[in-house]
Amino acid sequence: MNEQNSYYAFISYNSADEKWAKWLQHNLEYYHIPSALCKEYPELPKKIRPVFWYKQDLSGTKLKQALNNELSSSKYLIVICSPDSAKADWVNDEVVAFIEQGKGDRIIPFIVAGTPHAKNPDEECFPPALRNLTRDEEIRGIDVRRKEGKSHALVDVIATMFGVRFDVLWQRHERRRKKIRNIWIAIASIFTLCTIGIYDYNILRLRV
0 MNEQNSYYAF ISYNSADEKW AKWLQHNLEY YHIPSALCKE YPELPKKIRP
50 VFWYKQDLSG TKLKQALNNE LSSSKYLIVI CSPDSAKADW VNDEVVAFIE
100 QGKGDRIIPF IVAGTPHAKN PDEECFPPAL RNLTRDEEIR GIDVRRKEGK
150 SHALVDVIAT MFGVRFDVLW QRHERRRKKI RNIWIAIASI FTLCTIGIYD
200 YNILRLRV
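Numbering (numbering that gives the first Met the number 0) for the sequence shown: 0 to 207.
Structure follows, in structure tokens:
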């Protein structure tokens, strides 16, 4: 992240989707990037932080201007997409502002409800600024509802921001997860053996 970007990402959302904005912000900032990936791609950041999100709906010129400043200082824009956010003027305004700043290729739609380009307007999850992109400008959305689960969607977001193939990051993510799981299994096994040993020792003492 260069000096002009105070934030690695800006999360745009409607208050109805606040839990998703909070979940995404927390998991991005506390994601431990696999060391194997850092060795292969030394240009990657060690951490994905800070990630900006605001805790209230937009109202007032000063707040809008302040958020536009934060947008200008953000490397990526993650849009929490749902029928609620598709109808929110400020979400659309943030997408428009980011595109006007020449960063349209750094927008990541994160779909939590609804359908992009839906025939039924009530099911539409993309704000107008995303729906109106040309075929050459269309952006792939990441759907958190897919059967692979939330971790899969999170890694997809990170891979997109890093510009690496999803499978490259996912393999290293899974390798690290299994390694951590095995460590905890080993610790639990040692603890169990120690507990059994102490119990047997105390039983022997009582019999003496």
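A virtual CB, placed ideally from N, CA and C, is assigned to each residue, including glycine.
- Between Ala158 and the set Cys37, Leu132, Val90, the nearest pair of CA atoms involves Cys37.
- Around the beta carbon of Asp16, 16 or more other beta carbons sit within 10 angstroms, so the residue counts as buried.
- The shortest C-alpha to C-alpha distance from Pro49 to any of Glu42, Tyr6, Leu23, Ile110 is the one to Tyr6.
- Taking C-beta atoms as the reference points, Ser11 and Ile79 count as a pair closer than 8 Å.
- Check the Cα spacing between Leu27 and each of Val154, Cys193, Asp166: the tightest is with Val154.
- The C-alpha of Glu42 lies about 13 Å from the C-alpha of Ile32.
- Using a Cβ-Cβ distance cut-off of 8 Å, the region 113 to 129 and the region 160 to 172 are not in contact, since fewer than three pairs of beta carbons, one from each stretch, lie closer than that value.
- For the set Trp19, Lys74, Val94, the Cα lying nearest the Cα of Pro44 is the one of Lys74.
- In the DSSP assignment, Leu129 falls within the alpha helix (DSSP H) that extends over 127 to 130.
- Boundaries for Leu76: no alpha helix (DSSP H) harbours it, while the beta strand (DSSP E) harbouring it runs 73 to 80, taken from the DSSP string.
- DSSP places Ser34 within a helical segment (H, G or I) once states are collapsed to three.
- When Glu136, Arg145, Trp22 are compared, the shortest CA-CA separation from Lys54 is found for Trp22.
- Assigned with DSSP and collapsed to three states, Ser150 falls in helix.
- Taking all protein chains shown into account, Gln64 has fewer than 16 neighbouring C-beta atoms within 10 Å of its C-beta and is therefore exposed.
- Pairing Gly148 with Trp169, the inter-Cα distance amounts to about 13 Å.
- In terms of Cβ geometry, Val111 and Val143 form a close pair [threshold 8 Å].
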